[in-house]
Amino acid sequence: MKIYLAGPEVFLPDAQEIGAAKKAVCAEYGLEGLFPLDGGLDLSGLTQRQAGLAIYDANIALIEAADGCIANVTPFRGPSLDPGTAYEIGHMRGLGKPVFAYSNDVRLFAARTRAFCGVSGARDEEGLLIEDFGLTDNLMIDGAAVCSGSPILCEDKEGVLDDLAAFRACAARAADILLETRT
856 MKIYLAGPEV
866 FLPDAQEIGA
876 AKKAVCAEYG
886 LEGLFPLDGG
896 LDLSGLTQRQ
906 AGLAIYDANI
916 ALIEAADGCI
926 ANVTPFRGPS
936 LDPGTAYEIG
946 HMRGLGKPVF
956 AYSNDVRLFA
966 ARTRAFCGVS
976 GARDEEGLLI
986 EDFGLTDNLM
996 IDGAAVCSGS
1006 PILCEDKEGV
1016 LDDLAAFRAC
1026 AARAADILLE
1036 TRT
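Quick note on the working numbering: the sequence shown kicks off at 856 and runs consecutively.
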């Protein structure tokens, strides 16, 4: 079973090494990890725009080749997950494929949003309601994971993007569910 590895790790300086480590964990559980940087793209000679769209196409091909997705929804540059990861989750669910997710931040979405906005009430400084359903992230993200058979798994790692403890637990859960449905 192939599993797409969504998350903001692609932005880290050691992205290739983290991707390799995640793929090795997947292999321990009988899964083939597909990391976004696996495309082997030659971006030379392309404009920035062309390169960005080529990366998009390569990632969509990996998503569509996968049987499911493990997504790192640890907050990234704000109180919520990386927007590219959110898109990948939605695309995967739109294909009817399962999404398994984890976060290295145990705080709930509402608490993180209030802290980010510097408020304590139900609304932010612009008067906009703060989503508060007792979930890990936006309700659509949690819903994608729950509908796939597993809530978002969380570890208290202070939001560190590259810690693999929660990823390992998520990979084990994904393998249990995916490999069980295969038989």
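Beta carbons: idealized from backbone N, C-alpha and C, even for Gly.
Computed from a predicted structure; not experimentally measured.
Notebook entry, point to check: Any idea which residues DSSP pairs Leu901 with across the strands?
Noted result: DSSP, once it has assigned bridges, lists no residue as partnering Leu901.
Requested in this report: Give me whichever residues DSSP pairs with Leu983 in a beta bridge.
Outcome: According to DSSP, which records beta bridges pairwise, Leu983 is partnered with nothing at all.
Fill in: Range covered by the alpha helix (DSSP H) that runs through Lys1012
From DSSP, Lys1012 is part of no alpha helix (DSSP H); its letter is neither H nor E.
Inset, instruction - Output the residue ranges of the beta strand (DSSP E) runs that lie fully inside the stretch 934 to 1000 and measure 3 residues or longer, sorted by chain position. - result: 954 to 958
What's the C-alpha gap between Leu1040 and Arg969? The shown model of the chain, from 856 to 1038, leaves out residue 1040, and the question about it has no answer.
Worksheet entry | Residues near Glu986 in its chain [Cβ-Cβ closer than 8 Å; skip 5 each side] | Hits under 8 Å: Phe964, Ala965, Thr968, Asn993, Leu994.
### Segments assigned beta strand (DSSP E), at least 3 residues, entirely inside the stretch 871 to 935
887 to 889, 923 to 927
Quick one: is Leu860 buried, meaning 16 or more other Cβ sit within 10 Å of its Cβ, or exposed?
-> buried
Could you give the distance in angstroms between the alpha-carbon of Phe1022 and the alpha-carbon of Val928?
-> Rounded to the nearest angstrom, the gap between the Cα atoms of Phe1022 and Val928 is 11 Å.
- prompt: Taking C-beta to C-beta, are Pro953 and Gly1004 nearer than 9 Å?
  reply: Yes, Cβ-Cβ distance for Pro953 and Gly1004 is below 9 Å.
Which class does Ile1032 belong to by DSSP, given the choice of helix, strand or coil?
DSSP places Ile1032 within a helical segment (H, G or I) once states are collapsed to three.
Notebook entry, point to check: CA-CA distance, Tyr884 and Glu1035?
Noted result: 12 Å
Next on the checklist: One question on the structure: do Ala1030 and Leu886 come within less than 9 Å of each other, judged by their Cβ atoms?
Outcome noted: Cβ distance < 9 Å, so Ala1030 and Leu886 count as in contact.
Note to self: Between which two residues does the beta strand (DSSP E) holding Ile858 run?
What the structure shows: 857 to 861
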